[in-house]
Structures are given as structure tokens and as C-alpha cells.
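Undergrad: Chains as they are written, first to last, in our numbering: chain A, 1 to 345; chain B, 346 to 690; chain C, 691 to 1035; chain D, 1036 to 1380.
The following block contains the structure, expressed as C-alpha cells.
Protein chains: 4
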Amino acid sequence: MIKIGIVGGTGYTGVELLRLLATHPQAQIVAITSRKEDGLPVADMYPSLRGHLDIAFSSPDKAKLTECDVVFFATPHGVAMAQAPELLAAGVKVIDLAADFRLKDVNQFEKWYGIPHSCTDVLTEAVYGLPELNRAAIKTARVIGNPGCYPTTMQLGFYPLLKAGVIDAGNLIADCKSGVSGAGRKAEISLLFTEAGDNFKAYSVSGHRHHPETVEQLQYVTDDKIGLLFTPHLVPMIRGMHSTLYGRLNREISNEHLQALFVDAYKDEPFVDVMPFASHPETRSTRASNMLRLALHRPNNGNTVIVLVVQDNLVKGSAGQAVQCMNIMFDLDERTGLQHVAVLP
Amino acid sequence: MIKIGIVGGTGYTGVELLRLLATHPQAQIVAITSRKEDGLPVADMYPSLRGHLDIAFSSPDKAKLTECDVVFFATPHGVAMAQAPELLAAGVKVIDLAADFRLKDVNQFEKWYGIPHSCTDVLTEAVYGLPELNRAAIKTARVIGNPGCYPTTMQLGFYPLLKAGVIDAGNLIADCKSGVSGAGRKAEISLLFTEAGDNFKAYSVSGHRHHPETVEQLQYVTDDKIGLLFTPHLVPMIRGMHSTLYGRLNREISNEHLQALFVDAYKDEPFVDVMPFASHPETRSTRASNMLRLALHRPNNGNTVIVLVVQDNLVKGSAGQAVQCMNIMFDLDERTGLQHVAVLP
Amino acid sequence: MIKIGIVGGTGYTGVELLRLLATHPQAQIVAITSRKEDGLPVADMYPSLRGHLDIAFSSPDKAKLTECDVVFFATPHGVAMAQAPELLAAGVKVIDLAADFRLKDVNQFEKWYGIPHSCTDVLTEAVYGLPELNRAAIKTARVIGNPGCYPTTMQLGFYPLLKAGVIDAGNLIADCKSGVSGAGRKAEISLLFTEAGDNFKAYSVSGHRHHPETVEQLQYVTDDKIGLLFTPHLVPMIRGMHSTLYGRLNREISNEHLQALFVDAYKDEPFVDVMPFASHPETRSTRASNMLRLALHRPNNGNTVIVLVVQDNLVKGSAGQAVQCMNIMFDLDERTGLQHVAVLP
Amino acid sequence: MIKIGIVGGTGYTGVELLRLLATHPQAQIVAITSRKEDGLPVADMYPSLRGHLDIAFSSPDKAKLTECDVVFFATPHGVAMAQAPELLAAGVKVIDLAADFRLKDVNQFEKWYGIPHSCTDVLTEAVYGLPELNRAAIKTARVIGNPGCYPTTMQLGFYPLLKAGVIDAGNLIADCKSGVSGAGRKAEISLLFTEAGDNFKAYSVSGHRHHPETVEQLQYVTDDKIGLLFTPHLVPMIRGMHSTLYGRLNREISNEHLQALFVDAYKDEPFVDVMPFASHPETRSTRASNMLRLALHRPNNGNTVIVLVVQDNLVKGSAGQAVQCMNIMFDLDERTGLQHVAVLP
């Protein structure tokens, strides 16, 4: 059994980690920290866990995190980097679901997150936790920067096209739509049912933190300079993310060939489902599961290829991907504990 | 034109007042106060008002409320009673959408709202603003305590039955369901889209502030002691309230007679719609309108009569009712500015 | 492995059965019938099953249902009774998720479902599949009438009170609220997103098919005549059911005693969670899980006890309960394949 | 008073017309036809109209449409063209909310709608009813083809840019999102609450009927060949449409200049609201109102301009626009009966 600690289990990525780990056959949750909720049984905050998890929040000073095999950080940005060095020194692996170890470019990190990076040495060795593109490095990593939700869809959607060099890297458009849980469990007016419900809007169109992360990673795939336009929108649904990706083809290529690029790229991937050409994947086909689904379109056989990508932002877009990384790091079958069928309807 | 001031225009009852008054042909909004948003154009906070309302929030000290004909308080409990005496002294009428002037029983007020009542003399003259039961008093009132949303449905639903003495006053059950806007525009976790959406629950089953208000008012209708069980629930919808009322018949009575009690009681009411016996009114049939609709049922012709009551909690349940009171107080046709057709779908 | 056939896998109870059985360690789905979809891979209709279920619908004449160990009917009323005799003769067990084997009173069946009952002998031996009240009979049953969704909540909520004789059996009120999936996957105007969304209404208040079923079963618990008022409502959510039950206490009893009645009744039940007194269970705390949760209230310590009951109408209210019955019938641990943590948020 | 007939008042564009016309000071609804609902009071189908509209559906043969001043067709495609000639001969004006008179190119019409066009002479004189671009022609028109919902947003969003020639006409992308009411009031599985709720997907990505209409109209604005990629998506909300438009700038231009193009284009328009640069308009800011709002963005001051456009698909996207056309045709103030403040929240 893997001994697991969770820092910050009160938010949505935290409770989703708990949902997944509570039934993971190799996982033993030994500590969940929350300064504010010290002593409160986790199942009192989240009744969905009653009968599944018999543990209470403990304040960080009491939790013996250094006795864990791995510690997940489901915290605001900045927490993981403060605690990672001590854990690593004690031989504990670290998986951060926030952004502390996502961006290799420290300037970009500090620009977008507004705080100085306190352990750039750890950052140097940290591995970006996107298994499909980075599996080997994850296997031996001590520190994982778990990808953002939007970047997961953009990378897996553009990757086969950029790898094959068939689209113009400098002219990518990602029109992305996220359910409200992507914003976290925060008491903000704009996230109220009465504000976000029966409503649709774009936000942060002039700039969003997931842009530099995506560009940095996509740049590893191609020598051409990445130019990405990323437009996030808020959808009145709880979970789910849909990215509509536009790439300009730079050569003659058949639709069969395009489809083959994706089928080949992901044929051994347990959590990427390449649907038939011209399908319309629905977000709910991934609800509460770790599967990401995608499909290609090419209107009028023109020079633009459209990739439709869906996932559950809290699973493949966050907690599920983190557990997938853990499975790889601890030499388990990558699918362990992640075999949920999507909940539909 | 009636010169109108609004204290606290940033919440949902406030913006609903603005929606209604912006197109009211006799209303001129001359001041909207908000300490926090001083100087901010109202339409910047609520883009729905762009082009309809060209006024900015002003801090209370700058707003010349004493020059108004009437001031609405769309504020938390306790604000209206602090300012009412000065306004009344200046000849300004007051309509409070909160609870300061609803409960005649000061002990009940202080028990349920947790603050002492600071102007019990004003409370004494205040009129409970439910036009259907209290029109004459409203006409000459200087101060209105505008009813709560739940109490409006419970009173109008039980009134004809209690008046006629055909149900047991001591054994009333009101199983009520409200859209989320009833909780106001507050940054609270439990009101998030991700918490209240795709979910249903009861709340405050052991006691809710609208209980004493309803009991106090219903007691005016009958000499028998009112006994009321009131169970509020939260519905994943933005606007709308549905009350399912159960009364025990205490005598032989035909369904036609029951229906006639309601038809007679409300035949001249512009904002109460008695639907055919055994109808199922929908909340959306009142969305954004000031209409309250109700229908009677009597399963198996047994000894329980069920009254289904629907309204828009922000209109007939709050701001619309307040404007209806204003119309009465200023000798306008009661329907002025309140003739909206419900928005369906 | 249990060889399983499913008749009618295209509706919501069907796809929910598939979700649960696809990951059930002892289940092998060998046939799914659909006359209309013959040959269509199940995962083409429900992409959520892609990668989990590699089987196609087959027309009833081709499906070798008599070679199964058990056949589930997720069909409209009337189908199971037409096919059950042949299956039973072949030694196949039958679990009907519709109403063919729920009502022992054939007159009531024919009155409410409008069709004659074609195999009353099978009906005589059929067992009502509510494990908490009927486990021993289920263990040896050949035919199960799986309970309706509403009746499950009403029975489990009223049972401990009626058993102990502390409430008036003739005066039960059940004010129930269901998510839209309870109506099934039918192309009806009233179930459209644009009709059922942002809306709330009661329906079938004058009479609903789940009333006679509930009364028949509750009558087994007490010698007093059951009188039940049942008011169903439609909630704008996909899954979830909340029943608010009112019982009139007929004797002095402490709240501790009331709570103990429930704790004792369900202390060994894996899928009934008695929450602390005066809790407010949320439907989402059971979403996609087989757990039913309930809590007691007693406003003002008066003579009415309120039981709040929540479940996922498609799981404990239907497909999950059916699988629970199967586990019992095949001597498996009752929890096998049903250990999902509720999906929250 | 304008005497008005409505053909096909049972769908969503029909009931929205009724909502708007019921309070329009110059409108008198004299006939509503429905073969199926002959004799049924309109308010029995739509209780929201109780007290506002006292008229029944009548079968087409009984309705004296030729005595009207104007007849609106809120029908499936093909109905208006069958009846228009007779009405025009009788001196009645025709406004078709469907597609019969939208496309000047008959081949395109027949390709996309799958039926032959039966009155191409009427089509020749028909006027495309987008007041902002076509006001003079509407004023004298006898027949109006009322624009589709998506095309309204795409045209008003791209127009100032194409007119000024600052973007590449051959490389337009419109990523559009619509509430479910855009699909009409049809009993289809995919539109159920349980299918469309808590879900997001693209549809018709390979081709949609609103594409040729938009291209045809945009081509009138520029000599350059229009190339448009149009990707529609379905949003789990009832009303509302959000189009995210991408245009490639073909010259140096300041953001102030871009903004000025829009401000100038629409400065006299009562129903187009150009919001401040870099705003994020919300669909709900137009809910139930005839206002269309838009805002410009230019990420990183790069060579792509993004236009965010929102409207209520049933109002400015359909029935409201039709009434706006009627006002113009009958020399009324264009805003008559269309001054509703958007319903928020």
C-alpha cells in the first residue's frame, strides 16, 4: 500500500482526489491537512465520503507528512514550493496539482502568479505530469507539476498535428469552454448559481495563466515558434471541459491521414479516446471518469483542421491525472483505481 | 413623477427594483446609495441596465434621500430601522424589503434577527405590505414592511381556507421550495453553482425566520390558534418559488365550493391567478412577472386539500410587491409598471 | 462469472445497469436486446461506455437469453411479464426494473398500468426487491419486482416509525421531489431542457402509480390502515430524489429514541446511511452511488416527525438496487460492484 | 392598431412573439393558427399568457389572415412560401421567422433545406430583415426574411471590420454557442434536460444551414471573397447566444481605431450596445431583451481581433428582430414594445 498525504483537501481537486483514492486498491490515505478544519472528520465536510473514508483533517504541524510515500498538494499556488524541499529530503515524492512546478520559465511563473519562486532547484528537476507526452520522465520523477486543465486538452489536441508538422505552429487558436468547478471552491460572487447559471461568457480573453504553460510545453514538440490564441469561456455546468482547436494545414493531406496521426499517437493510451472522424464528443461522456475524448473535423475539406477535445476538468484535467502519475511513479498498472465508467446521464 | 431613492441597490432585490422602476412610467430614480460603490455607474455593475438607467451609486451621506417621495430599502435587516425616523420626519415614505417592519411582535423580531429593534414606535405604525389582505392600510401608510417571499405564498394560499374556517388552523403544513436567488447576492460557498447546481436539499427545517412572520399574519385571519409546519428547500433554479400547502378539512365540503372560496377571494386581484381545479402551476409561468398563480387539489376526495402556489420570489415575492405597494400609496393604478408577461421559456 | 442478459438497454435504467455491471467483478454481460438497434454497438449509442463494453445490441430473436443466469428487464411495463415464463422455465432468474412484478394486487396493477397482467402465477411467486425489508425472500427468489424510485424512499423513511408504532399510520404525507431522469429517456416536450430547466412544478398530484405500490408494501409493516398522501414534484436536476416525509407522533417519545429507531433498523445495512439528527442530506451526496441517506427533524419538538430521505433515483432507486438484489440472489457480498463514492461536486 | 396574424404560434419563436406583442401598444393580435390546436385558448398552452391574451388557436382555414395588416410565420421552413403569395395579393405584409426568404441563392436554399422553393418571384422582392444593415429596404418591404439567430451575431460582429477592410475576409472564424431554445420546441431525445443538461458539445461542425446565409450577406459588405469557418455549440442554458469571432488584421491599426469602427457603425442603433474595449459581455445581460451587446479584444496586441457578441436568441435572434422590422415597416418608433430591461439574475 502506498502511504499518502494530502495537503489542502477541502477544495474540489482535494475532494476529487479523495473520491479516487478512497477506492484505489493500493492507496492508503494517512493524512489530510487543513489548518482551518483541524479535527473535523473529512466526511462531515463531504457527506459523499461517509462510509468510505474515516479520517479527520489535521493541522499541518500535527500531520506526519514526512512518513508518507507521496504527498499531493491540492492547495493554492505557492504552498507546494514552500513544503516540497523538506518532503523531498525525507524521501517523500511530491505531486502538486497547482502551478508551482508547471512552468520551467521562472520569469513566466512570477509574472503570471505574482509571487517569487522559492525553490528553483526543485523546479529544475520537476517533471511535467502529462503521461501521454512525458511518461518516461514521470516514472523516475520525485516531483510532479500536474498540468492545468485547459493545457491538458490543448496539448493532447495539438500534439499529433505539430509533431507531424502539418499545421502552422504560429497560428493556433484554442476556443475553450469550462464547467464552473474549474474555478475551484471559492466564495466568489461570479461563481454563484445565480450568476453563472443560465449564462455564458468568455473571461480572461486578454490573458490567462494557462497560456504560458501550454506554449512552453508545445514548444518542446516543434522547432517552429508556437503562436497560440487561447480564449476561455465559462459554461453553466458543474464538471466538463470542451476545447475547440483550430489548426491551419500547411500541406496537402487527406482526412484519413489526419485521423491516422491521432490514432497512431494514442493507440496505446488508456485514457485518450480518438473517436471516429467528424464525431461530436460530449463532455458528459467523460463525467467523473479519467478519459479524454477527441475527434477531428475539416469543414468543406478546407485548410483548417478542427480538433474537438473533451474531458472532466476535475479528473483527467486534475486529480485523475495526478493519480495516473502516481501509478506510474510507483510502478502500478497506470489504470489502477481509475477505471470508472463516465456517469451518463 | 414619483421621486424615488433606493438604499442598497447592489443585491438582487435592488437590481430587480431597478429593472421594474426603470420602465415604470411614473417613477424617477433620483438616488441609489452604496457606501462601497460610491461613484460607480449602476450600469457598470449590472450591464443589463445599460441604456436604461443613467445614474451612479452614491455614498449615503451624499444622497439626498430626504428630498425623495419614497425610499426603498433593499438592504440587510437593521438598516431601514436606523434611517426610517429621519426620512419620515422629512415627509418621505419608506418601503423596507427586509424584515425590520414585518413582525409586530418585537420579541419575535429580536429572537429571530438577533438585533434589538431601534424604533418600535415606527414599527407600531408600519403596515404589512401584502395588498391582497391589507390594501386599505397600505393606501394610507407611511411605512411598509414588505412581506417575505415564502410568507406571501403561504398567506395567499391558506387565507381563503382559514377565512372560511374549513381547515384545521392548528395543523397546517407548508412544504416550500425556492430558487437560489432567494438567498440573495452573497459570496457563500453553499450558493455556488457547483454546490447548489444539480442538487436538492431542505434547509432550516428546525426553524426559519419566515415562520413567525407567517404565523403572526395568519393569526389575524382566524380566532383558532395557528399551528404551522414550514419546511423550506433549495431548488437548482435561479428564480421561482413553489409552495405545496396541506390543510386538513374539518367539514364536508365539495371541490366546487373549495374552488369558489379562492375564486371569490381573488376575483378582483390583478396579481393572483386562481387556476382551474387540479392544475399544476409551474414556477416559470411567473418568471420575471408580478403574478402569483395557485391551484387546488384533493387527492381521492379525501380530507386534505392541497394548494399549489407559485411566484417569482424576486417579483411578487419581493421587489414587485414593493412596487405594487408604492402604486397603492401614491394612488396609481396598482398595475402600473408591473404588466410584464412572464418569460417562458 | 454470472452470465447476464439485459432486455431494453437503451433507456436510462438500462445504461445505468451497464455502467454498474461493466465494472462488476462477477458480471459478464452476454446479451443486450433492442429490436430497433439490432447490430449497433452499445458504445456507439453511449460513448461513455467506449473502452468498457464491447458488445452490440441484438434483436430479441437472436439473443440467447435462455443461456443466461439472470436477465434484467429495463423495459416499459408489460415486457417482462411476457417473457418471464419462458426464461424461468429455462432456469433463468428474472429481475424486472419496471412494474410488472411489484404489485401483488392485480386489480391495482391493471387499474394503474392499463394493461391486463398476463402471468399472475409468476406474480404470485415474485419477490419485492427491497433488500432492507425483504432480504431473506430475495435470496431464494427466481423473480424480482424491483421497487420504484419514490417507493424506495417512502418505505425506508417510514418503516422504522411504523414498525415501532409511534406514528399515525393513517396520516402519512410524502412530499417528494425527483430529478428529470426519473421520467426516463423519452422524447416528450415536457422533459425538454427548455421546459424542465429553471422551473419547478408538482405533477400527478391527484394520483401516481407509485402510490398503490407504497401503500401495499407499508401495509405489511403495520396492522393499522395505511393512509398516504403522496405529492411528486419535478426538480431541474438530472439525477437525485429527495422525499420529505411527515408523520404524526401518537405518543410521547424523545428525539433520542426516534433516532435510535432508525439507527437500530439500519445498523447493518451497507446502503442506508442514518445521518445525525437534524441534518439536511443533499441529493448530490448520493449522486451515482447506491447509498440512500436520511435524517430526522422535529420542529419545535412538536408532534410531527419529519424524515428527509435522499438517493440517486437511477441507482438505489433503480439499477443499483437491482444489482444489489442480484448480488443477494447469487450469494455474493451484497456490496460487490456497488462501492462507488458519490460524485461531488 | 396594427392587425396581426400569427401562423404557427405553438413553438418558442411563436410564444416569444406573443409575449412581445401582448404588451406592444400598437399591436392587435387577431388570429393565431394551429391546425392541431384549433379551439384551444392560447393561454391554456402557455399559462404565462393568462390574463394577457384572450384568444384561441384556430385552424388555418378559419383564420381570416387576409384581413390582417401583417402576418408572422413562426413555422417550420416551407410554410411561409406556400402562403405568402395569397397574402401579398390581399395586401398583407409577411414576416417569415423561418428560412424561406433568407437566402437569395435558390440553389443554396434547396441544398440546405431539402425542399424546392415554390415562389422565387416573392423571394426576389423579399428583404433580409436585419435593420442595422438593411433599414431602408425593410421600410418599404412587403416580405421580410427574418435573419437566423447565429447569422445576426456573426454579421453585426464582423460588419464594421469588413466594411473598413481591416481584416482578411477569407479567413473568418466564428466559434458560436447557443442556448437550447435555439433548437425549437421539438420532442427530440438530444434536447431533453437529461441529455443537454450539465453537458457541452459542438454540433454540425461539418456544415450548418446558417453558414450560407451568413456568407451571402457578408459578401454584400466586401468585394473580397468571404471565407467563413462556423462552429456551433450547444450550451446548457435556456436562452442566450454567445459568438466568439476571430478576424485576422491585415494592416497596422490601433485598438482605439478598432473600437471607433464599432462605435461609429452602431452609434444610432437602439439595439446594439458596443461595450468598452476588452469587456466580457454575458448572455444574461440580454435575457428576454432585444439588445445585442458586443466587445472587442486583441490579445497581446497581436494580429487577431476577437469580437465577443451576445444576444437572446429568441429576441434579437428571432421574435424581437421580427417585431423591430414590423415597427420599421409600419413607421413606428423602432423601439416600440421592445424596451424590456434584460432579466438579471
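Using N, Cα and C, we set each Cβ at its ideal position, and we do this for glycine too.
All values derive from a computational prediction rather than experimental measurement.
Can you pull the DSSP bridge partners for V1178(D)?
TA: V1178(D) is bridged to V1129(D).
Undergrad: Just to confirm, is the Cβ distance from P821(C) to I1018(C) under 8 Å?
TA: yes
Undergrad: Between the stretch 1203-1217 of chain D and the stretch 1266-1276 of chain D, can you find at least three pairs of beta-carbon atoms closer than 8 Å?
TA: They touch, by the three-pair rule.
Undergrad: Are L229(A) and N303(A) close, meaning C-beta to C-beta below 8 Å?
TA: Going by C-beta atoms, L229(A) is not nearer than 8 Å to N303(A).
Undergrad: Please name the residue in G917(C), E903(C), R832(C) and Q909(C) whose C-alpha comes closest to that of P749(B).
TA: There is simply no residue 749(B) to check, as chain B begins at 346 and stops at 690 in what is shown.
Undergrad: Identify whether V70(A) lies in helix, strand or coil by the three-state DSSP scheme.
TA: strand
Undergrad: Quick one: list the residues of chain C neighbouring I1224(D), beta-carbon separation under 7 Å, in chain order.
TA: R875 and A877
Undergrad: To the nearest angstrom, how far is it from the Cα of G1355(D) to the Cα of T1175(D)?
TA: 19 Å
Undergrad: Run down chain B in chain order and give the residues with a C-beta less than 8 Å from the C-beta of G930(C).
TA: D543, N544 and F545
Undergrad: What in chain C is Cβ-close to V1270(D), meaning under 8 Å?
TA: Within chain C, no residue comes near V1270(D); the closest Cβ sits about 10 Å away, beyond 8 Å.
Undergrad: Quick check on N1206(D): buried or exposed, where buried means 16 or more other Cβ atoms within 10 Å of its Cβ?
TA: buried
Undergrad: Quick check: is the beta carbon of R281(A) nearer than 8 Å to any beta carbon in chain D?
TA: Reading off the sequence shown, one finds Pro at residue 281(A), where the question assumed Arg. Yes - at least one Cβ of chain D is within 8 Å of the one on P281(A).
Undergrad: Helix or strand or just coil, what does DSSP make of I651(B)?
TA: Strand.
Undergrad: Measure the Cβ-Cβ separation of E757(C) and K693(C) and say whether it is below 8 Å.
TA: It is a contact, given that the beta carbons lie within the stated cut-off.
Undergrad: So, is R102(A) buried or exposed, given that buried needs 16 or more other C-beta atoms within 10 angstroms?
TA: buried
Undergrad: With burial defined as no fewer than 16 other Cβ atoms inside 10 Å of the residue's Cβ, what is the status of K1128(D): buried or exposed?
TA: buried
Undergrad: Alpha carbon to alpha carbon, how far is A1078(D) from D678(B)? Give it in angstroms, no decimals.
TA: 24 Å
Undergrad: Mind the definition here: the stretch 45-60 of chain A touches the stretch 21-37 of chain A only if three or more C-beta pairs lie below 8 Å; say whether that holds.
TA: Using a C-beta cut-off of 8 Å, the stretch 45-60 of chain A makes contact with the stretch 21-37 of chain A, since at least three inter-stretch Cβ pairs fall below that distance.
Undergrad: Could you have a look at V467(B) and say whether DSSP puts it in helix, strand or coil?
TA: helix
Undergrad: Tell me, please, which residues DSSP counts as bridged to L1067(C).
TA: Chain C is shown only over 691 to 1035; residue 1067(C) falls outside these bounds and no answer can be derived.
Undergrad: Leaving out five residues before and five after Y548(B) in sequence, what residues of the same chain have Cβ atoms less than 8 Å from its Cβ?
TA: P577, H578 and L579
Undergrad: So which residues on chain A does Y956(C) lean against when the C-beta distance must stay under 8 Å?
TA: Residues of chain A passing the Cβ test: none, with the nearest at roughly 12 Å.
Undergrad: Using a beta-carbon distance below 8 Å, is L192(A) in contact with chain B?
TA: yes
Undergrad: Relative to the C-alpha of Q373(B), which candidate in M671(B), A687(B) and P690(B) has its C-alpha closest?
TA: M671(B)
Undergrad: Are the C-beta of H742(C) and some C-beta of chain A separated by less than 8 Å?
TA: yes
Undergrad: Would you mind telling me which residues of chain D sit closer than 7 Å to T304(A), beta carbon to beta carbon, in chain order?
TA: L1264
Undergrad: Listing by chain order, which chain D residues have their CB less than 8 Å from the CB of E195(A)?
TA: P1380
Undergrad: How about Y1185(D): is its C-beta nearer than 8 Å to some C-beta of chain C?
TA: So no, Y1185(D) is outside the interface.
Undergrad: Go to D1308(D), then tell me how far its beta strand (DSSP E) extends in each direction, as first and last residue.
TA: Note, D1308(D): beta strand (DSSP E), V1307 to V1309.
Undergrad: Between V870(C) and chain D, is there a C-beta pair that is closer than 8 Å?
TA: yes
Undergrad: What residue range does the alpha helix (DSSP H) around R248(A) cover?
TA: R248(A) -> not in any alpha helix (DSSP H); beta strand (DSSP E) instead, spanning M241 to R248.
Undergrad: Quick check on DSSP: helix, strand or coil for T214(A)?
TA: helix
Undergrad: For G197(A) and F883(C), I'd like the C-alpha separation in whole angstroms.
TA: 14 Å
Undergrad: Which residues in the same chain have their Cβ closer than 7 Å to the Cβ of P960(C), if we skip the five residues on either side of it in sequence?
TA: E1024 and R1025
Undergrad: For the 8 Å Cβ check, are there 3 or more pairs between the stretch 1338-1351 of chain D and the stretch 1312-1320 of chain D?
TA: The stretch 1338-1351 of chain D makes contact with the stretch 1312-1320 of chain D, as at least three CB pairs between them are under 8 Å.
Undergrad: So, is the C-beta of A712(C) closer than 8 Å to a C-beta in chain A?
TA: yes
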